[in-house]
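Here is the structure we will look at, set down as structure tokens.
Number of protein chains: 2
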Amino acid sequence: MSAVETVIGTTSSWDLYERGCPSRDLLDRIGDKWSILVLGELGEHGRSRFTELRNRLSGVSEKMLTQTLRALESDGLVLRTVHARVPVRVDYELTALGQTLRAPLRALTEWSLQHTDEVLAARAAYAARVEQGA
Amino acid sequence: MSAVETVIGTTSSWDLYERGCPSRDLLDRIGDKWSILVLGELGEHGRSRFTELRNRLSGVSEKMLTQTLRALESDGLVLRTVHARVPVRVDYELTALGQTLRAPLRALTEWSLQHTDEVLAARAAYAARVEQGA
DNA sequence: GTAAGTAGCCACCTTTTGGTAAGTTGACCA
DNA sequence: TGGTCAACTTACCAAAAGGTGGCTACTTAC
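The listed protein sequences derive, respectively, from chains A and B.
Taken in order, the first sequence gives residues 20 to 153; the numbers are from our numbering.
Taken in order, the second sequence gives residues 20 to 153; the numbers are from our numbering.
Here's what the structure looks like:
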């Protein structure tokens with residue numbers, strides 16, 4: 020059987036540890052740098068326009084932003100609404116599915132913010148150890 | 020001021036939405052495909068050897084596995100122990116810091132497993148829509 | 001004496017990713 | 001007449017990621 024118990028009481032037909040597993044690909048996608056930030060922004064600010072996102076995500080290029088938004092839309096996480104007035108106006112917001120990702124993602128971003136100092140310290144210590152050892 | 024409230028009651032000196040933010044880099048690192056899987060494996064199985072990990076992470080190359088483990092070690096998330104017997108034996112396990120990542124990461128992998136079907140359906144629908152629209 | 005096993009490293013090469021910059025659409029404004 | 005705005009799209013190019021295969025050291029087992 021290919022079903023795997025990841026946590027007691029939870030079964031799924033997918034196995035993250037198998038190559039080509041769609042869940043693994045999905046994980047890779049939502050773990051993507053810009054995806055995380057876009058989803059975070061839309062989660063916090065709600066419906067936003069393209070330029071708003073571009074301005075709030077420091078360092079993102081238009082190309083990357085478009086690409087990320089398209090992927091998220093295709094995955095059913097983000098809803099894209101085009102207003103046919105001039106100039107064109109486009110809104111992005113989380114779908115219901117996208118909303119379910121907020122908690123897990125926030126847990127991760129929170130962890131990252133809270134432990135950055137420790138990690139930076141660990142890196143410094145590691146670099147020092149390597150310098151010594153070598 | 021550069022401090023930012025991410026969640027009520029939580030402050031940090033970092034801002035994920037600023038380019039060059041170390042937390043953003045860190046997030047990118049732990050959101051990495053192989054990092055997630057290695058941390059997951061070590062979280063579930065506990066202390067493991069190099070070849071055990073290689074065998075359990077279907078599709079990983081030795082190069083990638085080494086690279087990922089080194090990065091996690093340098094970040095203070097994984098402890099690497101070399102036993103100087105012959106043939107060499109090396110163990111990897113989560114550090115205390117690494118343990119604190121288990122919950123957030125599990126939340127994300129769980130989400131991924133549970134919603135893969137919905138996302139696949141959304142992708143199919145999106146592809147159909149594009150085909151129609153174009 | 002030689003093959004096997006562990007835990008890698010290194011050089012080479014291909015694929016993918018991502019940045020920059022320019023073009024597009026279509027109404028409206030000076 | 002031509003410049004502007006929003007939200008892209010496209011082409012081109014550089015950088016980075018990642019795969020492959022060969023090499024290492026050391027000892028035990030055949």
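All residues carry an ideal CB built from backbone N, CA and C; glycine is no exception.
These figures come from a predicted structure and were not determined experimentally.
request  = Say whether chain B places a C-beta atom closer than 7 Å to the C-beta of VAL109/A.
outcome  = no
key: Cα-Cα separation, LEU72/B to ALA144/A   = 26 Å
request  = Over the uninterrupted alpha helix (DSSP H) stretch that includes GLU112/B, give me the two end residues.
outcome  = GLU112/B -> not in any alpha helix (DSSP H); beta strand (DSSP E) instead, spanning 108-113.
ask   = chain A beta carbons: is any one of them nearer than 7 Å to that of TRP33/B?
value = yes
Chain-ordered neighbours of GLU92/A on chain B, where CB pairs are closer than 8 Å = TYR145
key: Cβ pair THR87/B, TRP33/B closer than 7 Å   = no
ask   = Quick one: is GLU137/A near chain B, going by C-beta distance under 7 Å?
value = yes
task = Please list, in chain order, all residues of the same chain as LEU91/B whose beta carbon is under 6 Å from its beta carbon, the five residues on each side excluded.
result = VAL97
message = When you compare the region 56-67 of chain A with the region 118-132 of chain A, are there three or more beta-carbon pairs, one atom per stretch, that lie closer than 8 Å?
response = yes
task = Quick one: grab the DSSP three-state call for LEU120/B.
result = coil
query = Nearest CA to the CA of SER93/B: which residue from THR128/A, ALA147/A, MET83/A and ARG38/A?
reply = ALA147/A
inquiry  = So for SER42/A, helix, strand or coil by DSSP?
reply    = helix
inquiry  = Quick check: what's the CA-CA separation for GLY50/B versus SER42/A?
reply    = 14 Å
task = Excluding the 5 residues preceding and the 5 following GLU112/B in the sequence, name in chain order all residues of the same chain whose CB lies nearer than 8 Å to its CB.
result = LEU61, GLY65, ARG66, SER67, VAL97, LEU98 and THR100
ask   = LEU46/A and SER131/B: beta carbons closer than 7 Å?
value = yes
ask   = Which residues in the same chain have their Cβ closer than 7 Å to the Cβ of LEU116/A, if we skip the five residues on either side of it in sequence?
value = GLY95 and LEU96
query = Measuring CA to CA, which of GLU129/A, THR114/A, PHE69/A and VAL138/A is closest to VAL107/A?
reply = PHE69/A
message = Give me the chain A residues within the contact set of ALA126/B, using Cβ-Cβ distance strictly less than 8 Å, ordered along the chain.
response = ALA122, PRO123, ALA126 and LEU127
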